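**Student:** Protein chains in written order, with my numbering: chain A, 56 to 275; chain E, 243 to 458. Before I ask anything, let me first share the structure, which is written out below as structure tokens.
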């Protein structure tokens, strides 16, 4: 069906300067083939929204290493020395967000919410520049939704309608990001026939997915 | 002297009750899983998206897409469940974790914790630490008592905080300290040290418990 396209065609829809959400937790569950193709097509000045900047040679960390990212919104950069070096050289703007807050900001964008109220970050640098609110005698930070132009995500089995089954700890931010971008490109370990995944096991309904690419069972 | 990290991990492992849901930070805290007393069943939650983490697999027996929150290959036990990051942090932030064990750069007598950045030097980021410290019912700090002789347990943290007033217990190779309204109370001491040595290695004021016990 029409959702499945070549890696090259899918990635050519990502343009210089776009905001890109990228799945993966320290690289597990990252769409490696899509990332490699972004590097090959030299798509740059990206704003990257990602759980962590992984390692220089794994997952979204490769985009940092190839200097294709101008700004990253993430919870952790400590495992990728390039993130810190580029930040200190003022080549990369780094916005650090508590991990659970980042997840909820993405979820809020996908769910049509105006933001989330969280106690996490109160009394820390995270609250700088943010609105606070008292409700029922408790204080919260107001955290705004985060949307992106594109989400690049990774599924284990994806059927021709884009329904996604994830594998083990490769799920992480992927299902959230699938809901929060204008264009969603999903990379499959295995592309399977419609009906072959038990609907009870589908985590991301196909309606969120615009294009499916074959990841060629990378890392297997 | 025995391995400092093992002493700390072994003692932290006694902080849990049978059936507890526990999240271990990466580094020293993850070692705690090796010392859970016989007959105590703990469900370890990993913020990368599952509960009931098991031991590390043997080399060659790694499972695809199954790692702990430090990207080290992991296994799962019967009763495990996988979930996405929003569910993972609903569990963490929502008060469904009985205890979290984290390392620290600094901790102070008010229960403030600093463990995510040293301005101008090291900025790894907070990862899930702020959510964990804020949401877990009990926050245990597992760390070496000093940084090469320089106190880490202070009157007031000088580094940017991870969270304010959230730490409950500090376990080091020298002893166990509870954070109370009155200040830090030394409740257990490693018999290899004297109280005077612990006080000298601690910048914060220490209240010595009347029931001070040997740490085991």
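Glycine included, C-beta positions come from ideal geometry on N, C-alpha and C. These numbers come from a predicted model, not from an experiment.
Starting from residue 156(A), trace the beta strand (DSSP E) in both directions and tell me its first and last residue.
**Tutor:** From DSSP, residue 156(A) is part of no beta strand (DSSP E) but of the alpha helix (DSSP H) over 154-165.
**Student:** For chain E, is any of its Cβ atoms less than 7 Å away from the one on residue 102(A)?
**Tutor:** So no, residue 102(A) is outside the interface.
**Student:** Going by C-alpha distance, which of 114(A), 198(A), 193(A) is nearest residue 162(A)?
**Tutor:** The candidate whose alpha carbon is nearest that of residue 162(A) is 198(A).
**Student:** Jot down the residue ranges of each uninterrupted alpha helix (DSSP H) in the region 56-141 of chain A, minimum 4 residues, whole runs only, in chain order.
**Tutor:** Fully enclosed alpha helix (DSSP H) runs of 4 or longer: 62-66, 87-96, 116-120.
**Student:** Closer than 9 Å by beta-carbon distance: list the chain E residues that pair up with residue 234(A), in chain order.
**Tutor:** Here the premise fails: no neighbours, minimum Cβ distance about 10 Å.
**Student:** In three-state terms, what does DSSP make of residue 417(E)?
**Tutor:** In this structure, residue 417(E) counts as strand in the three-state DSSP scheme.
**Student:** At least one CB of chain E closer than 7 Å to the CB of residue 178(A): is that the case?
**Tutor:** By this cut-off, residue 178(A) is an interface position.
**Student:** Return helix, strand or coil for residue 441(E), following the three-state DSSP convention.
**Tutor:** Residue 441(E) falls in the helix class under three-state DSSP.
**Student:** Using a cut-off of 7 Å between C-beta atoms, extract the partners of residue 376(E) located in chain A.
**Tutor:** Neighbours of residue 376(E) on chain A, chain order: 174, 175.
**Student:** With a 10 Å radius around its C-beta and 16 neighbouring C-beta atoms as the bar for buried, classify residue 431(E) as buried or exposed.
**Tutor:** Buried.
**Student:** According to the neighbour-count rule (16 or more other Cβ atoms, all chains shown, within 10 Å of its Cβ), is residue 189(A) buried or exposed?
**Tutor:** Flag for residue 189(A) reads exposed.
**Student:** According to DSSP, simplified to helix, strand and coil, what is residue 306(E)?
**Tutor:** Three-state result, residue 306(E): coil.
**Student:** Tell me whether residue 378(E) sits in a helix, a strand or coil according to DSSP, three-state version.
**Tutor:** DSSP places residue 378(E) in coil when its eight states are reduced to three.
**Student:** Please determine if the region 352-365 of chain E and the region 255-264 of chain A are in contact, where contact requires at least 3 C-beta pairs separated by less than 8 Å.
**Tutor:** In short, these stretches do not touch, since the Cβ pair count stays below three.
**Student:** State yes or no: is the C-beta of residue 292(E) within less than 7 Å of the C-beta of residue 258(E)?
**Tutor:** No, they are not a contact pair.
**Student:** Can you look up residue 232(A) in the DSSP assignment and give me helix, strand or coil?
**Tutor:** Helix.
**Student:** Please return the same chain residues whose Cβ sits closer than 7 Å to the Cβ of residue 68(A), not counting the five positions on each side in sequence.
**Tutor:** The residues are 238.
**Student:** Exposed or buried, residue 403(E), counting other C-beta atoms within 10 Å across all chains shown (16 or more means buried)?
**Tutor:** Residue 403(E) is buried by the Cβ-count criterion.
**Student:** Give the straight-line distance between the Cα atoms of residue 275(A) and residue 217(A), rounded to the nearest whole angstrom.
**Tutor:** The pLDDT assigned to residue 275(A) is 37, lower than 50, so where the model puts this residue is not dependable; a value taken from the coordinates is nonetheless given after this. C-alpha separation (whole angstroms): 21 Å.
**Student:** Taking the DSSP output, what are the residues bridged to residue 285(E)?
**Tutor:** DSSP lists 263(E) as partners of residue 285(E).
**Student:** How would you label residue 282(E), buried or exposed, when you count the other beta carbons within 10 angstroms and need 16 or more for buried?
**Tutor:** Residue 282(E) is exposed by the Cβ-count criterion.
**Student:** So the alpha helix (DSSP H) residue 224(A) belongs to, where does it begin and stop?
**Tutor:** First-last for residue 224(A): undefined, no H or E at that position.
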